[in-house]
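In what follows, a structure is listed as structure tokens, so that the remarks can point back to it.
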Amino acid sequence: LDEALQHINLHSSKHTESIISEDYSKVRRFLREVDSSSVIANASTRFADGFEYGLGAEIGISTDKLHVRGPVGLEGLTTQKFVVFGSGQDRSEVDPAIRSLSVVMRST
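My numbering puts the first residue of the sequence shown at 8, with every later residue one more than the last.
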């Protein structure tokens, strides 16, 4: 895990990273230490999508932490990290009307 985290922190685009593991302590460490906008445990990285997160149609992607210009309010100064827990799903297995992922959290 140490080598994987080091590699990700050096070479990642900071968009989406995932871990497949039955070791909950390793999963928690991975989710905590990876600095990407989406971190996923035991589910497909195809869930890293604005529509899947309930944000509506995705019209753009930013991997920067601050991306606003002009007058900036409080919301413009926050960043988000999406944490997704699954049990091996990919998007082809999920009925859009029934979300089967166990937890989706947004933190700012």
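A virtual CB, placed ideally from N, CA and C, is assigned to each residue, including glycine.
Does the beta-carbon distance from residue i to residue j come in below 9 Å?
i, j, result
"residue 25", "residue 47", "yes"
For residue i, which residues from the same chain have a beta carbon less than 8 Å from its beta carbon, with the 5 sequence-adjacent residues on both sides left out?
i, result
"residue 41", "12, 15, 16, 19 and 24"
Between the Cα of residue i and those of the options, spot the shortest distance and give me the residue it belongs to.
i, options, result
"residue 86", "59, 9, 92 and 22", "22"
"residue 94", "54, 44, 10 and 62", "54"
"residue 62", "89, 43 and 39", "89"
In its own chain, which residues sit with a C-beta less than 6 Å from the C-beta of residue i, not counting the 5 before and 5 after it?
i, result
"residue 37", "26"
"residue 8", "33"
If we ignore side chains and look at the alpha-carbon of each, how far apart do residue i and residue j end up?
i, j, result
"residue 104", "residue 59", "Residue placement at residue 104 is flagged as unreliable, the pLDDT there being 49, under the threshold of 50; the coordinate-derived value follows with that caveat. Computed Cα separation, rounded: 11 Å."
"residue 91", "residue 10", "22 Å"
"residue 110", "residue 45", "Confidence in residue 110 is poor, its pLDDT being 45 and thus under 50, which makes the residue's placement unreliable; the coordinate value appears in the next sentence. Cα to Cα, residue 110 sits roughly 13 Å from residue 45."
"residue 31", "residue 43", "19 Å"
"residue 39", "residue 33", "10 Å"
"residue 35", "residue 68", "26 Å"
Please return the same chain residues whose Cβ sits closer than 7 Å to the Cβ of residue i, not counting the five positions on each side in sequence.
i, result
"residue 98", "51, 53 and 54"
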